[in-house]
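**Q** Take this structure, written in structure tokens, and hold onto it; I'll ask about it next.
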Amino acid sequence: RGMWGFPNRGISEPNARSGYYRWGGAVWAFAGEYQLCWCATGSGGNVYDSVLGQWRNGTGEWCTAPEHFLMPMGILRLAGPGVLPRSSQIFQCVRRRGCEISGYEG
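Take 1 as the starting number for the sequence shown in the numbering used here and just add one per residue.
Set out below in structure tokens:
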């Protein structure tokens with residue numbers, strides 16, 4: 001199922017720039033630290049199938065589930081306001097009128 005709040009079930013895909021990766025959408029996860037893991041390869045390295053949008057490791061297995069990503073490779077730190085799709089923090093002020101924003105988180 002992947003990590004909540006990350007597009008593509010948290011499985012990255014290659015970016016157009018060589019050596020860069022992306023999730024293909026906005027991240028809605030909570031601010032915090034997340035362990036980045038790689039789908040460990042056998043011999044031959046990982047291959048991305050752009051038609052299926054999935055990785056295949058060096059042993060020919062698909063990298064499609066969290067249990068396939070067992071090799072820790074770094075920490076991703078997310079920071080920003082605590083915004084969820086159903087409870088976003090939207091405030092509206094009118095020009096030339098006093099405006100007070102309270103209860104803002106993040």
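Cβ atoms here follow ideal geometry from the backbone N, Cα and C, with glycine treated the same way.
This one's a predicted model, so the numbers in the text were calculated from it and none came from an experiment.
On the CB-based measure, 16 or more other CB atoms within 10 Å of its CB, does Cys39 come out buried or exposed?
**A** Buried.
**Q** Does the stretch 26-39 come close enough to the stretch 67-81 that 3 or more CB-CB pairs lie under 8 angstroms?
**A** With the cut-off at 8 angstroms, the stretch 67-81 and the stretch 26-39 touch.
**Q** DSSP puts Arg95 in a beta bridge; with which residues?
**A** For Arg95, which the question treats as bridged, DSSP gives no partner whatsoever.
**Q** Count the other C-beta atoms from every protein chain shown that fall within 10 angstroms of the C-beta of Glu75, then say buried if there are 16 or more, exposed otherwise.
**A** Rather than Glu, the amino acid found at residue 75 in this sequence is Ile. Result: exposed.
**Q** Just verifying my parser: in three-state terms, what is the DSSP assignment at Gly32?
**A** Three-state result, Gly32: strand.
**Q** Consult DSSP for Gly74 and reduce its assignment to one of helix, strand or coil.
**A** Residue state, collapsed to three classes: strand.
**Q** For Arg77, decide whether its Cβ has a neighbour in chain B, counting only Cβ atoms nearer than 8 angstroms.
**A** Although the question refers to chain B, the structure presented lacks it and comprises just one protein chain.
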